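Beneath this line is the structure, given in structure tokens, with notes to follow.
Numbering (UniProt numbering), first residue to last: 1 to 241.
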């Protein structure tokens with residue numbers, strides 16, 4: 001697994017508050033058996049909990065073989081990131097009743113995966129260049145974010161933002177899958193009714209695409225986009241968020 005970026009999340013346990021570090025890291029490509037199992041469990045949890053926000057369903061993916069799950073994580077030109085808590089560690093209680101949990105991130109059973117995001121490179125996305133709603137981005141190198149999920153108990157604690165920033169960093173640094181010197185743009189689709197997700201995306205620099213907003217049904221998904229190069233974002237706005 002890739003080198004983790006550590007953050008802290010506040011969890012309420014009983015009558016005290018526990019400050020637990022969490023890590024954002026990339027799943028190995030190809031993944032280990034344990035990474036494959038952890039990802040499968042997290043993905044199926046999302047499909048079971050809020051199926052309305054996915055383009056797949058629990059019954060379909062629960063039938064996947066282990067090889068199919070591994071293949072999903074093994075393709076080149078993509079990266080999958082996870083946020084994880086570590087269950088093992090020592091605690092320190094302060095006079096005010098606050099408990100700090102001092103944890104070291106370890107591989108293996110000490111980890112609890114609670115969030116994920118996948119970013120797909122342009123080799124996956126040729127059909128996007130023919131999408132009418134994305135026509136204004138036809139001269140850009142398009143990446144897309146899919147499979148965003150954070151377990152409900154861990155939302156509004158910064159994890160989704162951390163995952164989005166990891167995906168953005170991967171796109172900025174990707175030199176293998178681009179289209180020459182054309183500017184990079186990340187696009188995603190989100191249900192209009194998913195206000196929490198839309199808020200996360202807006203906070204992390206995404207904007208609604210104007211064409212998508214005008215043409216969409218209230219029950220449909222809307223395209224959002226993020227110019228990876230900040231100078232391009234100001235010079236060529238992608239929508240009116």
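Even glycine gets a Cβ: it sits at the ideal position worked out from N, Cα and C. All values derive from a computational prediction rather than experimental measurement.
Straight-line Cα distance separating residue j from residue i
i           : j           : result
residue 155 : residue 45  : 15 Å
residue 190 : residue 53  : 8 Å
residue 30  : residue 164 : 22 Å
residue 137 : residue 145 : 16 Å
residue 124 : residue 36  : 21 Å
residue 223 : residue 134 : 8 Å
residue 66  : residue 176 : 28 Å
residue 242 : residue 188 : It is not possible to answer for residue 242, since the shown part of the chain is limited to 1 through 241.
residue 81  : residue 169 : 11 Å
residue 93  : residue 21  : Its pLDDT being 45, under 50, residue 93 is placed unreliably in this model, and the coordinates cannot settle the point.
residue 132 : residue 126 : 13 Å
residue 96  : residue 113 : Its pLDDT being 40, under 50, residue 96 is placed unreliably by the model, and the measurement read from it follows with that caveat. Residue 96 and residue 113: Cα-Cα distance of roughly 30 Å.
residue 239 : residue 207 : At residue 239 the pLDDT is 36, less than 50, meaning the model places this residue with poor confidence and gives no usable figure here.
residue 76  : residue 60  : 24 Å
residue 50  : residue 194 : 11 Å
residue 43  : residue 68  : 13 Å
residue 142 : residue 174 : 12 Å
residue 153 : residue 184 : 34 Å
residue 48  : residue 197 : 18 Å
residue 34  : residue 71  : 14 Å
residue 221 : residue 140 : 22 Å
residue 63  : residue 32  : 20 Å
residue 28  : residue 58  : 24 Å
residue 182 : residue 160 : 28 Å
residue 41  : residue 166 : 21 Å
residue 162 : residue 209 : 23 Å
residue 186 : residue 122 : 10 Å
Bridge partners - residue i, DSSP secondary structure assignment
i           : result
residue 39  : DSSP lists no partner for residue 39.
residue 26  : 81
residue 207 : 225
residue 189 : 223
residue 31  : Paired residues: none, contrary to the question.
Among the options, nearest to residue i - alpha-carbon criterion
i           : options               : result
residue 23  : 204, 111 and 59       : 111
residue 85  : 150, 171, 195 and 173 : 150
residue 120 : 33, 73, 83 and 153    : 73
residue 204 : 192, 61 and 228       : 228
residue 158 : 225, 40 and 200       : 200
residue 202 : 226, 181, 141 and 167 : 226
residue 79  : 40, 38 and 26         : 26
residue 56  : 38, 162, 147 and 185  : 147
residue 118 : 33, 62 and 83         : 83
residue 38  : 166, 58 and 116       : 116
Limits of the unbroken alpha helix (DSSP H) element including residue i
i           : result
residue 70  : 66-74
residue 196 : 195-203
residue 168 : 159-173
residue 61  : 58-62
Start and end residues, beta strand (DSSP E) containing residue i
i           : result
residue 120 : 111-120
residue 141 : 141-150
Residue-chain proximity (residue i, chain C), Cβ-Cβ < 9 Å
i          : result
residue 82 : The chain inventory of the structure shown lacks chain C, comprising one protein chain alone.
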